[in-house]
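Numbering (my numbering), first residue to last: 259 to 593. Idealized CB from N, CA, C, for every residue including glycine.
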């Protein structure tokens with residue numbers, strides 16, 4: 259018996275054109291989905307940053323409840339010397355689940371000036387300790403950096419800085435100078451400030467306590483800065499804000515949670531609006547800084563009532579500066 263020949267089925271392969279079409283479709287899908295994934299990740303990071311700042315606000319109020327409604331200062335003044343230089347954030351450690359770290363700090367110890375005095379040996383491991391709650395997850399900079407003066411000591415970074423007012427930070431070595439031409443201390447935190455909640459005459463909902471700042475990438479370098487960094491320049495205010503950088507620029511926008519005052523403590527003023535295109539500037543012990551973040555469109559701030567708000571880059575400058583004064587009498591509208 260003869261069987262008919264079985265028909266052989268042939269499997270057609272992808273043509274080059276079909277393969278290119280499939281690749282193009284996949285590329286389009288990736289291009290459409292990737293921004294959405296990145297936006298979702300940044301939203302999560304921004305939410306974590308806000309949660310960090312809420313914890314700072316809560317710690318601030320717990321501190322005030324313990325110390326007769328007083329806010330922590332940025333160091334105690336000394337006669338004929340530099341302040342002890344512990345930051346407001348360092349004083350909040352027991353209220354930030356950092357009691358063990360707090361126990362390693364002798365707040366009677368004098369840190370000295372970071373530019374030419376050695377960091378005490380006992381403080382060196384403390385200075386290197388990273389506190390995750392004080393780091394914004396959107397900031398890609400390293401969590402530690404070498405200080406940009408002696409290029410010797412490693413400090414843990416910090417993304418949140420305390421309000422010293424709407425002028426230019428100035429520390430004369432012993433106490434804040436309210437008559438200095440660079441501007442008075444009309445904020446809440448500086449050397450020997452000891453402000454209380456009742457000193458927020460403008461209202462706790464109308465006064466900034468802490469704002470975001472960016473960390474630096476590493477040791478001091480001289481040359482072109484590749485991002486928002488700390489420029490060191492000479493000149494009088496207001497020229498200091500607009501002066502071009504000179505040869506000795508800093509590649510490290512170092513802010514550490516340990517030290518309290520100029521040059522790289524977590525303190526800030528509100529003269530410049532968030533993420534200002536005018537670079538931050540420091541000359542001697544004067545400092546002009548802006549709230550800065552890697553969040554699109556603005557930066558987070560903690561108000562003195564403990565609430566957290568996102569302040570946009572385009573906020574009216576007069577309104578914004580009013581948020582940095584404790585008793586300026588400004589009428590604060592919506593922001």
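Taking each of 403, 356, 445, 359 in turn and checking the Cα distance to residue 562, the smallest one comes out for 445. Of all alpha-carbon atoms in 358, 583, 567, the one lying nearest the alpha-carbon of residue 593 is that of 567. Three or more Cβ pairs closer than 8 Å define a contact, and the region 407 to 417 meets that threshold against the region 375 to 392.
Taking 4 residues as the shortest admissible run, the region 332 to 413 contains the following complete alpha helix (DSSP H) segments, listed from N- to C-terminal end: 346 to 349, 357 to 360, 382 to 385. The residue among 589, 459, 447, 348 with its C-alpha nearest the C-alpha of residue 526 is 447. Residue 460 is not a Cβ neighbour of residue 549, given a cutoff of 7 Å. Nearest neighbour of residue 454 by Cα position, chosen from 323, 554, 518, turns out to be 323. Distance from the CA atom of residue 401 to the CA atom of residue 456, rounded to whole angstroms, is 36 Å. Residue environment analysis places residue 425 among the buried positions, since at least 16 neighbouring C-beta atoms fall within 10 angstroms of its C-beta. Exposure of residue 366 is indicated by the presence of fewer than 16 other C-beta atoms within 10 angstroms of its C-beta. Remark: C-beta atoms of residue 553 and residue 304 approach each other more closely than 7 Å. Residue 451 and residue 347 have their alpha carbons spaced roughly 14 Å apart. Judged by beta-carbon spacing, residue 575 lies beyond the 7 Å limit of residue 468, meaning their Cβ atoms are not closer than that value.
Between the alpha carbons of residue 321 and residue 286 lies a gap of roughly 53 Å. Looking from the CA of residue 377, the closest CA among 407, 470, 569, 421 belongs to 407. With contacts defined by Cβ atoms closer than 7 Å, residue 353 and residue 302 do not form a contacting pair.
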